[in-house]
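Heads up: the structure comes next, in structure tokens.
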Amino acid sequence: MRFVLYLLMMITVALSVGFGLSYYALTDGRLFGAVQVGPWIAWPDVGAAAPNPYTRSLLSREASLQLGQAEGLRFTASVDADDRPLSRDCSYRIRGKTPLATGWTLVALDADGRNVAAPDAEPAMRSSGLARPNSGAIDIAVGTGLMPGNWLELTGDGPFTLVLSLYDTAVFSGFSSDESMPTISRGNCS
Amino acid sequence: MTRFLLWLIGGVVLGGIIHIMVILTLPLLDDDTVWTRIAALDADNKMVVLPELAPGEPNPLGLDPVLIYGVCRLDLAQGPGYLSGVLPDAPWSVAIFNAAGVIIYSTTNRDGIGQTLDLGIFNAAQTRLLAQQQLDVAEGVLVVESASNQLFTLVRLIPPHQAMRTRFANKLAESRCGNRG
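From first to last, the protein sequence lines are chains H and L. If you read the first sequence in numbering that gives the first Met the number 0, its first letter stands for residue 0, the second for the next number, and so on. If you read the second sequence in numbering that gives the first Met the number 0, its first letter stands for residue 0, the second for the next number, and so on.
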């Protein structure tokens, strides 16, 4: 009887560790192939000609058109600077500097990858379409409620993810030490 | 207690093996891949500009709504592949994906190409033949060697403004892509 209990325990542990670790590796992935700068996460190897096995599995799981290493790098954030999940019930401000790039875009997506920008608004914020102070820093408001300045207007409710795509950038390529990313701070919530 | 710990360690070790198996076999078992999604676009040997993405629409390919995308699928078994055209004066990039969704080559027009896109794609045998016959490759042609025959090219074009989108998309659609017999 004890043997059967030990065997069941071992199988339970094995399945939990095996599939749990795999799920973690392909979602959060920080210990396996992803890098994190504040709330932003990127997979630098995703555009490589010979990606590591974890990145190769991520490519298969996402089945989307990734950016090549020469083309740029995509960062995603699903939490704010205090590690709270991004929600369309709240307003957010994205402030700071982005790594050097020819251009970038910022979009908000729901859990299914659909763009949650308001239907009659711009679907994305782009680097060339911002009002900036003399320092060149960015200050973008994100949320469903009317906000002054650069505003990425969202619609609906529920969680969302921010995707910052840097085009023609050297970040994490070994040729640039500029890995500064903007912060995401939460404002008012309804 | 010792026996319990041994069984526990056994479970963790077995879990590690399952984890490695999952990571290594996932790309082989997946039947909904970027390759099958591109295959549904009917982009064999021609440049297909992907339709503009509106907010709220499904986005299985993970497209950026600002960019204009042009896709062309090639089979090098039919001959060396080519991709050529003159693109608008704006930032653009080109990437070559194999059937596993891995990007085997990418570059941008900041690498001294300017507006002219001229790409020749060869498999190993064709590259060898190219070297043996000592054929002259025209200046400005980017020569890429691919380990596999099945691949697709993706051109990303960043219009400076939304108003230029249609004109830029039409220009991208004029690019030629296919196999040289």
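From the three backbone atoms N, C-alpha and C, an ideal C-beta is built for every residue, glycine too. Since the model is a prediction, treat every value here as computed from it, not as a measurement.
The closest CA to that of Asp-41 (chain L), considering only L:Arg-72, L:Leu-66 and L:Gly-55, is found on L:Arg-72. The Cβ neighbour count for Pro-147 (chain H), taken over all protein chains shown within 10 Å, is under 16; the residue is labelled exposed. When DSSP states are grouped into helix, strand and coil, Phe-2 (chain H) belongs to the helix group. Within chain L, the residues whose beta carbon sits less than 9 Å from that of Asn-114 (chain H) are Leu-52, Ala-53, Pro-54, Gly-55, Glu-56, Asn-58 and Pro-64, listed in sequence order. Taking 8 Å as the CB threshold, Ser-105 (chain L) lines the interface with chain H. Taking the beta carbon of Thr-104 (chain H) as reference, the chain L residues within 7 Å of it are Asp-63 and Val-65, listed in sequence order.
With 16 or more other CB atoms across the displayed protein chains lying within 10 angstroms of its CB, Glu-70 (chain H) is buried. Against chain H, the beta carbon of Val-33 (chain L) has neighbours under 9 Å at Leu-58, Ser-59, Glu-61, Ala-62, Ser-63, Leu-64 and Gln-65, listed in chain order.
When the alpha-carbon of Phe-121 (chain L) is set against those of L:Ser-147, L:Ala-137 and L:Arg-109, the nearest one is in L:Ser-147. DSSP lists L:Arg-72 as the bridge partner or partners of Asp-43 (chain L). Contact check for Gly-119 (chain L) and Val-140 (chain L): beta-carbon distance about 5 Å, within the 8 Å limit, so the pair qualifies. Against chain L, a Cβ distance below 7 Å from Ser-127 (chain H) picks out Pro-159. Taking a beta-carbon distance threshold of 8 Å, Leu-23 (chain L) counts as an interface residue toward chain H. Residues are counted here when their Cβ sits less than 7 Å from a Cβ of chain L; for the region 155 to 167 of chain H these are Ser-164, Tyr-166 and Asp-167, given in chain order. Of the candidates H:Asn-114, H:Glu-61 and H:Leu-20, H:Glu-61 places its Cα closest to the Cα of Val-33 (chain L). Residues of chain H whose Cβ lies closer than 9 Å to the Cβ of Asp-30 (chain L) do not exist, since the nearest Cβ in that chain is about 10 Å away. In terms of Cβ geometry, Ser-56 (chain H) and Leu-25 (chain H) form a close pair [threshold 8 Å]. Sixteen is the threshold: when 16 or more other Cβ atoms of the shown chains lie within 10 Å of the Cβ of Ile-103 (chain L), as they do, the residue is buried.
Leu-156 (chain L) is outside the set of residues whose beta carbon lies under 8 Å from a beta carbon in chain H.
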